[in-house]
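These notes concern the structure reproduced below.
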Amino acid sequence: MTVPDHARERSARSRPALHILLLVVTAAALLVRIVSIAEPLGIDQGLWASAVKGMSRGQVLYTDVWEQRPPGIYLTYLFGFSILGWSAASVALLDLFAASATAFLLWLLVRQTSGHAVQAGLTSALYALFTVPSWLYGHGGFLERSVCETFIVVWTAAGWLCATRFRSRPGWVVPVCIGLTSGAAVILKPNAGLYLPAILLWTLLYQRPAGWTIAAAGVRLLAGAAAGAIVIPLLTGLWLWQLGAL
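Counting from 1, one number per residue, gives the positions in the sequence shown under our numbering.
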């Protein structure tokens, strides 16, 4: 049964309008977060910002300034403050940038796997729409902005996006990139490493290159991802060791 020509033409004409609508929804759901720059820092954010301020003045993490989180969140805050300035608004902007990056990575991920721009736009729009902190949590969501999970999802989405390239680029680059993104997530929270086996399993089942056996692809993925995953935690550990924090 074929689709009538007029129905196909009507669908083609409506597609640009749907793209624009999804883009507007995504942009609006992201831009509405800007009002958070006027809100105070939450408890965790205040602790991390204070620790990073001390680090910027020569104090050593875990020695002169203490907080029990892994070093990833402090490095993220230090980078954000260095670029955006030393104000509470920078923490809110970091959250906005992370949400925008995740929405864009999701668009790329779905576009790559499905081949449909509308599905990709819908995914980004739903993510942006249903993750606005002020709509999800009490007190305007100021306690939940720019926490570890905010940045973990960015690295995880980047890892999934890398995985979609394995079929077309079955070398070492893709597995190592998957590992690198996992390592970046782990220094934010160690349990973020649980995403790595899921990504590798999905890659093995659905992105295996043509002609490759499961064993051959699995060895390549495991070896490459393991090599990549150790890089950022190792460099972070060496940095802390050099500072005397260990």
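Using N, Cα and C, we set each Cβ at its ideal position, and we do this for glycine too.
Q: Could you check if Gln242 is buried or exposed, using at least 16 other CB atoms within 10 Å of its CB as the buried criterion?
A: Counted from its first residue, the sequence shown places residue 242 at position 242. So Gln242 ends up on the exposed side.
Q) Is the segment 167-185 touching the segment 219-238 in the sense that three or more CB pairs, one from each, lie closer than 8 Å? A) A contact exists between the segment 219-238 and the segment 167-185.
Q: Counting only runs of 4+ residues fully inside the segment 178-231, write out the alpha helix (DSSP H) ranges in chain order.
A: Segments of the alpha helix (DSSP H) lying fully in the segment 178-231: 195-206 and 214-229.
Q) When DSSP builds the beta bridges, which residues end up paired with Leu61? A) Looking up residue 61 in the sequence shown gives position 61. DSSP lists Val65 as partners of Leu61.
Q. What residue range is occupied by the uninterrupted alpha helix (DSSP H) comprising Pro133?
A. The residue you call residue 133 lines up with position 133 of the sequence shown. In the DSSP annotation of this structure, the continuous segment of the alpha helix (DSSP H) that includes Pro133 starts and ends at Pro133 to Leu136.
**Q.** the segment 17-28 / the segment 115-122 touching (three or more Cβ pairs under 8 Å)
**A.** Counting C-beta pairs with one atom in each stretch, the segment 17-28 and the segment 115-122 have three or more that are closer than 8 Å, which means they touch.
Q: Please determine, among Ala225, Ala28, Leu75 and Gly218, the residue with the shortest C-alpha to C-alpha distance to Ser146.
A: Indexing the sequence shown from 1 puts residue 146 at position 146. Among Ala225, Ala28, Leu75 and Gly218, the Cα nearest to that of Ser146 belongs to Leu75.
Q) Apart from the five residues on each side of it in sequence, which residues of its chain come closer than 7 Å, Cβ to Cβ, to Ile199? A) Against the sequence shown, residue 199 aligns to sequence position 199. Closer than 7 Å at the Cβ level, and outside the excluded window around Ile199, lie Gly159, Trp160, Ala163 and Ile178.
Q.
Which residue marks the beginning of the alpha helix (DSSP H) containing Trp172, and which one marks its end?
A. As a working note, residue 172 is residue 172 in the sequence shown. Looking at the DSSP string, Trp172 is not in any alpha helix (DSSP H), and its letter there is neither H nor E.
**Q.** Residues of its chain near Leu96, where Cβ-Cβ distance is below 6 Å and the 5 sequence neighbours each way are ignored
**A.** Start at 1 with the first residue of the sequence shown, and residue 96 comes out as number 96. These residues qualify, in order along the chain: Arg33.
Q. Residue ranges of each beta strand (DSSP E) run of no fewer than 3 residues wholly in the segment 78-147, ordered along the chain?
A. Taking only runs of at least 3 residues, no beta strand (DSSP E) segment lies wholly in the segment 78-147.
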